[in-house]
Amino acid sequence: MKLYQTLENQIKKEPNYVSDNGEVKKWVVLSKAQNLDEELIELLLQDPDLKENFFIKVKDVMVFKQSLFIQFLEQKNYLNDSYTQFKNKVGLTIGNQYLKQRNEVSLVWPFKDCVLEGGQSREEDKREEIFFNETLAQDEITELFDPKVLTNAKRIDQNGENNFDEFNRNENGTITDNLIIKGNNLLALHSLKKEFAGKVKLIYIDPPYNTGNDGFKYNDRFNHSTWLTFMKNRIESAKKLMSSSGVFLVQCSFHQYAYLKVLMNDLFEKHLCDFNIQVRHPDRALTGDKEFNDVIEYILIYSNDRNKKMPFIEEQKTIDDYNLQIEVDAEASIEEIQCGSKNVKVYLPHQYKVVSIPPSKEGLKKISIRGSIREKNSSGRFFVKYLEKLSGYPSGTLFKVPDMGDDSVNHRYFYSAPEGNKNGGYYQGMPTSSEFTKKQFSNFYNFEKEYNNVSKQGGVEFRNGKKPEELIKFLIELFSNTGDIVLDYHLGSGTTAAVSHKLKRQYIGVEQVQNQIDLIKCRMVNVINGDTTGISKDDDVNWQGGGSFIYLELKKYNQTFIEKIEAAEDTAELLRIWEEMKSRSFLNYNVDLKKQEQHLDDFKALSLKEQKQHLCELLDKNQLYVNLSSLNDENFKCSEEEKIVTQDFYKIKN
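Going letter by letter, the sequence shown gives residues 870 to 1523 in the working numbering.
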């Protein structure tokens, strides 16, 4: 026992081997030993007792007794703490190996080919992540992804909350109602697949950033591998809902930007762009735990359409940018020269002048020939090929070239570089081919002021992660049209749903955390009743209220027991829940019920936290929610109301 204590004390000197609650990450140590990690070996050599027991000297070289050390970790009480011993007694091992030791497969990241079932709800914070291997656990994954029974359906409009009647559908039979769904978002996405596959135009998500401080925790916090698996499973499912020209947007911080971009490059056919969004002022005061001002967030933009391109922004043309006019001296002696096929008129500097004109008249815009204009613009190419090479004319000479451009003057006035300037240029007339001019995108946008004013939007307060309606409006208008379907399966405070509602898009929002569901419902009721915050007063919105949405939940089964377990305050209450679990829940298939009963004293000896963890592990995670295939199974006690809404949603005839 002394050697065990010595080993634990030495290992705790390395912070990476210690969890937030002060316990040694035993399986991390085991993995390091299996990989002959230099950091671990150096740490062991620093203690004379560990050096004596786990190393042998060969010709002045200390050789690590790897097999002995691993055997010590696996077979001795160092890993067999009271809880592990208890789990072993009731059957929560496979082939006498603990699940965390069965790490035979590792591709790119350890869980890449697995399905991470865990969601985000607070009731799941304390339980371990559940990974299903896509090959070895295919039957479990199939059952996990089975569409779920729907419950607690309500239609909410200006008359308040109403009992569900039926879904509205278009001529193709597709649901046209706005939907807010409570439940695990991975399972909700699979439940949406039959009805909405190939029909969603825009997916925007603002997932947890995995900063360690964003509340996205399971045991300690998500590491990169687990977070990537979480994201991959859900993005792959959501992709199946996208239309052929659909666009997928993910907002993130620097913490996961690089990892996420590599993942999405692998999942999508076309990377369109990354937007850099300024969300804070560079001069803001830093909090004590910050080493630098983190003022930028990123929006990654992807599509499965290889021919998809970033759209142009169309702006209404205005005289403000075209306020110049060329006035030629009536008595000027005009020279005419040949430039290619064009007869070019030449005006010396004293023969003309450039004047400002009133806004009511059409004008010209002065453009310098520099940068990409020299080669990518027809006027630029003409200037470079002919005019730039002319000699014998004073600086500032004007050349009038006929039949150029699609503007109101149908010609270009070119000017040679003025005295002391490097570049010449030309005067462009206002476009006449459209009432709008097209402008290419920048990949940087400053929404810092909008972020500063976001707290009261929608009439609900959401401390961390609330996005300004102005930002979401910019994205929705850019990548969708009126009537298109917008999906957000990390709905948070409901900004995407609120903006979509005001912009007359159909929306589907998914959220699992109950306090956020409460915020979303409150916010959407405010929107329906004429919310005046956010984008409501924009001239192109002028929101007056109206519309409706349908609220739905995935019907819980074992999930109900998890919530009861987490709420329990003592062992006696947990034992009462266990009695109910034996008669009504679905237990993990490899649990020996008799042994569990025989070892109740061992259970009582555990800490309350370990007792809760154990009861959660006994539950079959495939049965957290009720599968559609069990709709008429008496064991699940689905009500008539639940059968009606579920059959209507999935278009199942009675």
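All residues carry an ideal CB built from backbone N, CA and C; glycine is no exception. Just so it is clear, the structure is predicted and the values come from calculations on it, not from any experiment.
If residue i sits next to residue j, beta carbons under 8 angstroms apart, how far is it from one beta carbon to the other, in whole angstroms?
| i | j | result |
| --- | --- | --- |
| Q1110 | K1062 | Reading off the sequence, residue 1110 comes out as Leu, not Gln. Right, the Cβ-Cβ distance comes to about 7 angstroms (below 8 angstroms), so this counts as a contact. |
| I1146 | Y1376 | With 8 angstroms as the limit, I1146 and Y1376 do not qualify as a contact, their Cβ atoms being about 21 angstroms apart. |
| G1378 | G1399 | Not a contact, Cβ separation roughly 20 angstroms. |
| S1324 | E1330 | 6 angstroms |
| I1389 | Y1295 | Contact doesn't hold; Cβ gap of about 54 angstroms is too wide. |
| E1380 | G1361 | 7 angstroms |
| Q1428 | Y1358 | Actually they do not touch by this definition, with Cβ atoms about 18 angstroms apart. |
| D916 | L872 | Between L872 and D916 the Cβ distance is about 10 angstroms, and since that is not below 8 angstroms, they are no contact. |
| K1373 | I1404 | With a Cβ gap of about 12 angstroms, K1373 and I1404 do not count as contacting. |
| P1287 | S1264 | 5 angstroms |
| I1446 | K1425 | About 15 angstroms separates the two Cβ atoms, so there is no contact after all. |
| L909 | A902 | 6 angstroms |
| R1527 | N1290 | Limits of the chain in this structure are 870 at one end and 1523 at the other, which puts residue 1527 out of reach. |
| E1064 | I1044 | 6 angstroms |
Pick out whichever of the options has its Cα sitting closest to the Cα of residue i.
| i | options | result |
| --- | --- | --- |
| D1026 | K1234, S1508, I1397, L1444 | I1397 |
| L1019 | I1203, F1033, K894, V1394 | F1033 |
| S1248 | N1290, F1268, G1289, D1152 | F1268 |
| F1123 | Y1078, L985, L1444 | Y1078 |
| G823 | L1055, I1049, V1116 | Here the chain has residues from 870 to 1523 only, and residue 823 is not among them. |
| I1074 | G1334, R1453, L1456 | G1334 |
| F1310 | E1183, D906, K926 | E1183 |
| T1095 | K1478, L985, R1392, Y1284 | L985 |
| S1349 | L1193, D1198, L1259, M1179 | M1179 |
| I1114 | D1409, F933, K1139, Y1128 | Per the sequence presented here, residue 1114 reads as Ser, with Ile not at that position. Closest option to S1114, Cα to Cα, is K1139. |
| V823 | E1486, K1291, N1031 | With the chain running from 870 to 1523 in the structure shown, residue 823 is simply not present. |
| E1339 | S1285, D1409, G1289, Y1282 | D1409 |
| E1510 | Y886, V932, K920, A1022 | A1022 |
| G1029 | L1462, G1415, K1490, E1438 | G1415 |
| L1462 | A1437, E1438, L1488, K1506 | L1488 |
| G1327 | E1479, M1393, N1279 | M1393 |
| G1298 | D1152, R1281, E1003 | R1281 |
| E1435 | K1478, P1218, Q903 | K1478 |
| T1266 | Y1221, Q1516, K1336 | Y1221 |
| L1013 | Q1125, K1490, L913, K1051 | K1490 |
| N852 | Q1385, K1481, V1368 | No answer is possible for residue 852: the residues shown for the chain start at 870 and end at 1523. |
For residue i, count neighbouring C-beta atoms within 10 Å of its own C-beta (all shown protein chains included) and say buried if the count is 16 or more, exposed if not.
| i | result |
| --- | --- |
| Q1120 | buried |
| S1060 | buried |
| I1419 | buried |
| K1520 | exposed |
| C1142 | exposed |
| M1100 | buried |
| K1451 | exposed |
| I1530 | Given that the chain is displayed from residue 870 to residue 1523, the structure contains no residue 1530 and the question cannot be resolved. |
| F1181 | exposed |
| I925 | exposed |
| D1008 | exposed |
| D1353 | buried |
| A1199 | exposed |
| A1057 | buried |
| L1344 | buried |
| H1483 | buried |
| Q1413 | exposed |
| I1203 | exposed |
| N1054 | buried |
| T862 | Beyond the ends of the chain as shown, which are 870 and 1523, falls residue 862; an answer cannot be given. |
| V927 | exposed |
| R1151 | According to the sequence provided, residue 1151 is Pro. The question's Arg does not apply to it. The residue is exposed, with fewer than 16 neighbouring Cβ atoms inside 10 Å. |
| T1098 | buried |
| A1366 | buried |
| N878 | exposed |
Could you tell me whether any Cβ in chain D is nearer than 8 angstroms to the Cβ of residue i?
| i | result |
| --- | --- |
| K871 | In the structure shown, chain D does not exist; there is a single protein chain. |
Verify the contact flag: residue i, CB atom, against every heavy atom of the ligand FMN, threshold strictly below 7 angstroms.
| i | result |
| --- | --- |
| M1133 | Judged by which ligands are present, the structure shown has none, so any question about the ligand FMN falls away. |
Quick check: the region 1163-1171 against the region 1128-1145, are there 3 or more CB pairs under 8 angstroms?
yes
With a floor of 3 residues, list each beta strand (DSSP E) that falls wholly inside the region 1177-1247, ordered by position along the chain.
1182-1185, 1193-1197, 1204-1208, 1211-1216, 1221-1225, 1233-1237
Just list the beta strand (DSSP E) runs in the region 1288-1344, keeping only unbroken ones of 3 residues or longer that don't cross its boundaries, in chain order.
1294-1298, 1305-1308, 1313-1315
Is the region 1227-1245 in contact with the region 1196-1210, if contact means three or more CB pairs nearer than 8 angstroms?
A contact is defined here as three or more CB-CB pairs under 8 angstroms, and the region 1227-1245 fails this definition with respect to the region 1196-1210.
Pairs of beta-carbons, one from the region 1265-1273 and one from the region 1099-1109, closer than 8 angstroms: are there three or more?
no
Say whether the region 1413-1430 touches the region 1463-1478, bearing in mind that this needs 3 or more beta-carbon pairs closer than 8 angstroms, one atom from each stretch.
no
Taking only runs of the beta strand (DSSP E) that begin and end inside the region 886-934, which ones reach a length of at least 3 residues, in chain order?
924-927, 930-933
Whether or not the region 1223-1230 and the region 1180-1195 are in contact is what I'm after, with contact meaning three or more pairs of Cβ atoms, one per stretch, closer than 8 angstroms; do they touch?
yes
Closer than 8 angstroms is the cut-off here; do at least three beta carbon pairs connect the region 1497-1516 with the region 1474-1482?
no
Could you name each continuous beta strand (DSSP E) segment of 3 residues or more that falls completely within the region 1129-1173, going from the start of the chain to the end?
1139-1147, 1165-1172
Within the region 1369-1452, ranges of the alpha helix (DSSP H) (whole runs, at least 4 residues):
1383-1397, 1427-1436
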